[in-house]
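Colleague:
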Amino acid sequence: MKLKRGIPLIDQHDQHGFWGGKFGGSFIPETLKKPVEDLTNEFKKLRKDKRFIKKRDHYFKNYIGAPTSFVKLDNLTNQLGGAQIWAKVVSEANGGAHKIYNATVHALICKAMGKKYIVGDTGAGYAGKMLSMAAKKFGLKCKIFMGAKDIKRQKPNCDAMRKNGAEIVPVYSGSQTLVDAVSECMRYWVSNCDNTHMCVGSTVGPNIFVKICGWSTAQISRELKVQLKSEFKKIPNKIKLINCVGGGSSAYGFWSEFIDYDKKQIELIGVEAGGPKNSKLHAAPLSRKTKIGILHGAASYVCQNKEGQINETESISAGLDYPGVSPMHCFLKDTKRARYTYATDEEALNAHQMVTKFENLNPSLEPSHAFAEAIKIAPKLSKDIIIIVNSCGDAKKDRDILRERLGKK
Amino acid sequence: MSSLINKAFQNAKNENRPALLTYTVAGDNNKKRSLEILKSISNYADICELGFPHNTPIADGGQIQTSAYRAIKNGIKINDVFSIAKDFKSKKKNKPIILMGYYNMIFQFNENKFLEKCKKSKVDGLIVVDLPYPENKSFAAKCKKKGINFIQLVSPTTSEIRLKKIIKDSHDMIYYISMLSTTGGILKVSPKKILEKYSKIKNQNKSKNVVIGFGITEKTIKSLKKADGLVVGSAICKEISNSINKRQNTVTNVTNIVKRLKNKIK
Ligand SMILES: Cc1ncc(COP(=O)(O)O)c(C=O)c1O
């Protein structure tokens, strides 16, 4: 299994859609074959279409607000006394998280295909909120599938979705979280694929959804590359890019331009959700030894039992609370290009507390997992090492959880 | 030698009616009861489909999901599914049984071992919901080698070229999904339209047995009786749920509904 150079990772799959011969694919019911094929052809065409790219860039700049800033966290760096800590503040993007890139691109594709309805899944509520925003902007009718547990714990984002005119469909099956929302969304698409476009909220699902999402979030690393060059005159010699990983869309977007670099120069570190400290449950398929399985139309490392039933997961962060992960991250793990670890609920909460204490930054619980790793390793590293954390979400949505766990107002 | 599945269709044809195919979930609502249900309804059904439940089904509607979750909650394991099938076949050796489910269960068990187990349990056929053509080519070939029918699915969205290829690669039976829907949806397409598409499939190769499934209930079954076979799943699973809720005998109630379905197509 080997990574290729000079080819975007989203395109390094074989003709059946597998990365490294075994991750990804399209395990879909017959009914979805045609809509998936149509979408695949449309995307192939659009990504080569200069007018479409121009349109995308227009909205990325004027609607999303690209580029998001790249800042040094001086206080945190001084406090930890080791490596420099920087942040790419992706939460500045319109709506407050990286999910807006994928949502905007899907809305544009939906328009291009002449469909009037768009549906999507959401866990933290950001994917749903962003899709509802994009739908409103482009005049599409929008339905969002969301686990009942997540609707309760991410209320601010639900309020936003409703305000944007989207219908939230609560999902009561299974663990009532993201995994069930994605299943229900796919089932809805099976029944309505003739007039409805589906957006998968991360780099998961059947091959084409992994590609579209990765193509969209890649904007993050394109910006970062420019910002690095302008800040340091060249790409520095020792960088660590730390990102939380749920489905892996934000991590892929943060890394995509840098995958070709030697890992001695640019190390890629993915941080999964370890769940509560003393719990057996987690949402960390890459860092806590799981086997390959098929979930939501793709093969990836999956939290599952021996029989192939998908395990319940647990994480304080709704956005990371998912048993599967992008096939591209499985590939990056097995080729050893990226390293994956996890942070527990408690470590993420501590990290959130520390970052907000020292910096004018308010990372949501998802990127707080990434900060936890940065805080853990920075003191042991020398000053010439540059740690960059993707602060990909704003904590406004976590208001209730933070109040409960940290007594925050 | 003709397969049991082929023979079942031939028998029905001789009686001038479509074959009746039932779908129940193994272990619903427990292992012993689901075997009893299977044995009892097979007095009226021509072919029995037995689902091996998965907890993340991406193409099943509410009724079948409920049955599957119930079976998993009651502890059904894949080996139990095989033992139910084996037990059933030891009593009803000429009644074809088709296992149906999602690919991850097969993948975790190991394709070859799974087929070995199927053979030992005398399973006649397999339907894998999320392993479409052409991805299923190698697995389908393995099935054929073992004398197990791999049943291809086609749907209203299947293109003409694809249809041709799928039929060419199919074994004895083809499953036509009547409409864009998960299982258990209300029949939202007219029977006439469904039968038109059905004929298109059938006319490509008359020797293949083409069944129609999705949305078939006591109300709709008669209107589709021109088909080679008709599959009823959600209506049966729903009856199991109802019987449990009303604390009535699931075996009797489910048998009665299958009996009525059969009478409607005689
Ligand atoms: C702010 C934020 N970060 C990260 C994630 C995890 O998703 P992914 O790994 O696809 O970036 C989510 C998902 O909802 C999110 O809202």
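Taken in sequence, the protein lines are chains S and E. Heads up, the first sequence is in the working numbering, so the first residue is 46 and it goes up one at a time. Heads up, the second sequence is in the working numbering, so the first residue is 1404 and it goes up one at a time. Heads up, the beta-carbon is just placed ideally off N, CA and C, and yes, glycines get one too.
When Cβ atoms are compared, which residues of the stretch 1531-1558 of chain E fall closer than 7 angstroms to chain S?
Modeller: Against chain S - using a Cβ distance shorter than 7 angstroms - the residues of the stretch 1531-1558 of chain E are Val1532, Asp1533, Leu1534, Pro1535, Glu1538, Leu1556, Val1557 and Ser1558.
Colleague: Hey, out of S:Gln60, S:Asn202, S:Phe254 and S:Asn395, whose CA is closest to S:Ala142's CA?
Modeller: In the first sequence, the residue the question calls residue 142 of chain S occupies position 97. That would be S:Asn202, whose Cα lies nearest to the Cα of S:Ala142.
Colleague: In chain order, which alpha helix (DSSP H) runs of at least 4 residues are fully inside the stretch 257-314 of chain S?
Modeller: 264-277 and 294-300
Colleague: Output needed in chain order: residues of the stretch 266-294 of chain S with a Cβ under 9 angstroms from some Cβ in chain E.
Modeller: none
Colleague: Regarding S:Cys289 and ligand 1, is the C-beta to nearest heavy atom distance less than 7 angstroms?
Modeller: Counted from its first residue, the first sequence places residue 289 of chain S at position 244. At a cut-off of 7 angstroms, the beta-carbon of S:Cys289 counts as near ligand 1: some heavy atom of the ligand is closer than that.
Colleague: Consider the C-beta atom of S:Gly292 and the heavy atoms of ligand 1; say whether any pair is separated by less than 7 angstroms.
Modeller: Position 247 of the first sequence, counted from the start, is the residue given in the question as residue 292 of chain S. For ligand 1, at least one heavy atom lies less than 7 angstroms from the Cβ of S:Gly292.
Colleague: Is it the case that the CB of S:Lys144 approaches a heavy atom of ligand 1 more closely than 7 angstroms?
Modeller: One-based indexing of the first sequence puts residue 144 of chain S at position 99. Yes, ligand 1 has a heavy atom inside 7 angstroms of this Cβ.
Colleague: Using 10 angstroms around the beta-carbon of E:Ile1564, count the other beta-carbons present and answer buried if the total reaches 16, otherwise exposed.
Modeller: Taking the first residue of the second sequence as position 1, residue 1564 of chain E is located at position 161. Answer is exposed; the Cβ neighbour count stays below 16.
Colleague: S:Phe105 to S:Pro330, Cα distance in whole Å?
Modeller: Position 60 of the first sequence, counted from the first residue, corresponds to residue 105 of chain S. Position 285 of the first sequence, counted from the first residue, corresponds to residue 330 of chain S. Going from the Cα of S:Phe105 to the Cα of S:Pro330 covers about 32 angstroms.
Colleague: With distances taken from CA atoms, which of E:His1574, E:Tyr1536 and E:Phe1512 is nearest E:Gly1528?
Modeller: Counting from 1 along the second sequence, the entry for residue 1528 of chain E is found at position 125. For the residues E:His1574, E:Tyr1536 and E:Phe1512, the minimum Cα distance to E:Gly1528 belongs to E:His1574.
Colleague: My guess is that E:Leu1518 and E:Lys1549 are in contact by the Cβ rule of under 8 angstroms, so how many angstroms apart are they, rounded?
Modeller: As a working note, residue 1518 of chain E is residue 115 in the second sequence. As a working note, residue 1549 of chain E is residue 146 in the second sequence. Right, the Cβ-Cβ distance comes to about 5 angstroms (below 8 angstroms), so this counts as a contact.
Colleague: Nearest to E:Lys1492 by CA position, among E:Glu1514, E:Asn1513, E:Leu1453 and E:Gln1413, is which residue?
Modeller: By 1-based counting over the second sequence, the position of residue 1492 of chain E is 89. For the residues E:Glu1514, E:Asn1513, E:Leu1453 and E:Gln1413, the minimum Cα distance to E:Lys1492 belongs to E:Leu1453.
Colleague: Looking at the unbroken alpha helix (DSSP H) that takes in S:Asn237, where does it start and where does it end?
Modeller: Here residue 237 of chain S is taken as the residue at index 192 of the first sequence, counted from 1. Its alpha helix (DSSP H) spans residues Leu223 to Asn237.
Colleague: Can you check the stretch 376-420 of chain S for any alpha helix (DSSP H) of at least 4 residues that lies completely inside it and give the ranges in chain order?
Modeller: Entirely contained in the stretch 376-420 of chain S, the alpha helix (DSSP H) runs reaching 4 residues are, in chain order, 390-403.
Colleague: For S:Ile304, which of S:Asp119, S:Ile422 and S:Thr380 has the nearest alpha-carbon?
Modeller: By 1-based counting over the first sequence, the position of residue 304 of chain S is 259. Checking every option, the nearest Cα to that of S:Ile304 belongs to S:Thr380.
Colleague: Starting from E:Tyr1578, follow the alpha helix (DSSP H) in both directions and report where the run begins and ends.
Modeller: Reading the second sequence from its first residue, position 175 is the one you call residue 1578 of chain E. Per DSSP, E:Tyr1578 belongs to no alpha helix (DSSP H); it is in the beta strand (DSSP E), Met1576 to Ile1580.
Colleague: Within its chain, find whatever has a CB closer than 7 angstroms to the CB of E:Met1508; leave out the 5 residues flanking it on each side and keep chain order.
Modeller: Walking along the second sequence from the start, residue 1508 of chain E turns up at place 105. Only Phe1455, His1457 and Ile1481 meet the Cβ criterion.
Colleague: Would the beta-carbon of E:Ile1597 fall within 8 angstroms of that of E:Leu1627?
Modeller: Sequence index remark: in the second sequence, residue 1597 of chain E carries index 194 (1-based). Sequence index remark: in the second sequence, residue 1627 of chain E carries index 224 (1-based). Their beta carbons are under 8 angstroms apart, which means E:Ile1597 touches E:Leu1627 by this criterion.
Colleague: Considering just the uninterrupted stretch of the beta strand (DSSP E) at S:Pro455, what are its terminal residues?
Modeller: Outside the displayed span of chain S (46 to 454) sits residue 455 of chain S, for which this structure offers no information.
Colleague: For S:Asp239, count the other beta carbons within 10 Å of its own beta carbon; 16 or more makes it buried, fewer makes it exposed. Which is it?
Modeller: Taking the first sequence and counting its residues from 1, the one referred to as residue 239 of chain S is at position 194. Burial call: exposed.
Colleague: Is it the case that the stretch 165-172 of chain S contacts the stretch 138-155 of chain S, given that we only count it when at least three CB pairs across the two stretches are under 8 angstroms?
Modeller: In short, these stretches touch, since the Cβ pair count reaches three.
Colleague: Near E:Ser1644, what residues of its chain come up, given a Cβ to Cβ distance below 6 angstroms and the 5 sequence neighbours on each side ignored?
Modeller: Locating residue 1644 of chain E in the second sequence gives position 241, counting from the first residue. Leaving aside the five residues that flank E:Ser1644 on each side, the residues in its chain whose CB is nearer than 6 angstroms to its CB run, in chain order, Thr1469.
Colleague: Let me know if S:Glu302 comes out buried or exposed under the rule of 16 or more other beta-carbons within 10 Å of its beta-carbon.
Modeller: As a working note, residue 302 of chain S is residue 257 in the first sequence. Burial call: buried.
Colleague: Measure from the alpha carbon of E:Ser1584 to the alpha carbon of each residue in E:Ser1558, E:Asp1572, E:Phe1510 and E:Asp1533, then state which is nearest.
Modeller: Taking the first residue of the second sequence as position 1, residue 1584 of chain E is located at position 181. Looking at the Cα atoms, E:Ser1558 is the closest of the given residues.
Colleague: So S:Ala423 packs on S:Ile433, CB below 8 angstroms; how close in whole Å?
Modeller: Your numbering for residue 423 of chain S matches position 378 in the first sequence. Your numbering for residue 433 of chain S matches position 388 in the first sequence. With a Cβ gap of about 12 angstroms, S:Ala423 and S:Ile433 do not count as contacting.
Colleague: Of all the residues that make up the stretch 1564-1589 of chain E, which are near chain S by a beta-carbon distance shorter than 8 angstroms?
Modeller: Arg1565, Ile1580, Leu1583, Ser1584, Thr1585 and Gly1588
Colleague: Nearer than 7 angstroms: is that true of the beta carbon of S:Cys437 relative to any heavy atom of ligand 1?
Modeller: Here residue 437 of chain S corresponds to residue number 392 of the first sequence, with the count starting at 1. Yes, ligand 1 has a heavy atom inside 7 angstroms of this Cβ.
Colleague: Indicate whether S:Gly315 and S:Val290 have their beta-carbon atoms separated by less than 8 angstroms.
Modeller: Residue 315 of chain S sits at position 270 when you count from the first residue of the first sequence. Residue 290 of chain S sits at position 245 when you count from the first residue of the first sequence. Yes, the Cβ-Cβ distance between S:Gly315 and S:Val290 is below 8 angstroms.
Colleague: Check S:Cys437 in the structure and name its three-state DSSP category.
Modeller: Position 392 of the first sequence, counted from the first residue, corresponds to residue 437 of chain S. S:Cys437 falls in the coil class under three-state DSSP.
Colleague: Following the continuous alpha helix (DSSP H) through S:Asp204, name the residue where it begins and the one where it ends.
Modeller: As a first step, residue 204 of chain S must be located in the first sequence, where it is residue number 159. Its alpha helix (DSSP H) spans residues Lys200 to Lys208.
Colleague: According to the Cβ coordinates, are S:Thr214 and S:Phe190 closer than 8 angstroms?
Modeller: Numbered from its first residue, the first sequence carries residue 214 of chain S at position 169. Numbered from its first residue, the first sequence carries residue 190 of chain S at position 145. Before going further, note that residue 214 of chain S is Val rather than Thr in the sequence given. Yes; because the gap between Cβ atoms is below 8 angstroms, this pair is in contact.
Colleague: Let's test the definition: count the other Cβ atoms within 10 Å of the Cβ of S:Ala76 and tell me whether it reaches 16, buried, or not, exposed.
Modeller: For the purposes of this step, residue 76 of chain S is taken as residue 31 along the first sequence, with counting starting at 1. One point to set straight first is that residue 76 of chain S is Thr, not Ala, in the sequence displayed. By the neighbour-count rule (16 or more Cβ atoms within 10 Å), S:Thr76 is buried.
Colleague: How would you write the range of the alpha helix (DSSP H) that E:Gly1636 sits in, first residue to last?
Modeller: Working through the second sequence from its first residue, we reach residue 1636 of chain E at position 233. Counting along the chain, E:Gly1636 falls outside any alpha helix (DSSP H), and DSSP gives it neither H nor E.
Colleague: Could you give the C-beta distance for S:Lys256 and S:Ile109, rounded to a whole number, given that I count them as a contact under 8 angstroms?
Modeller: Within the first sequence, numbered from 1, the residue matching residue 256 of chain S stands at position 211. Within the first sequence, numbered from 1, the residue matching residue 109 of chain S stands at position 64. Going by Cβ atoms, the distance from S:Lys256 to S:Ile109 rounds to 20 angstroms, so no, they are not a contact pair.
Colleague: For the stretch 401-416 of chain S and the stretch 308-322 of chain S, state whether three or more C-beta atom pairs, one from each stretch, are separated by less than 8 angstroms.
Modeller: The count of Cβ pairs closer than 8 angstroms, one atom from the stretch 401-416 of chain S and one from the stretch 308-322 of chain S, reaches three, so the stretches are in contact.
Colleague: Could you tell me the distance, in whole angstroms, from the CA atom of S:Ser360 to the CA atom of S:Asp366?
Modeller: To locate residue 360 of chain S, count along the first sequence from 1; it is residue 315. To locate residue 366 of chain S, count along the first sequence from 1; it is residue 321. Near 5 angstroms, if we compare the C-alpha coordinates of S:Asp366 and S:Ser360.
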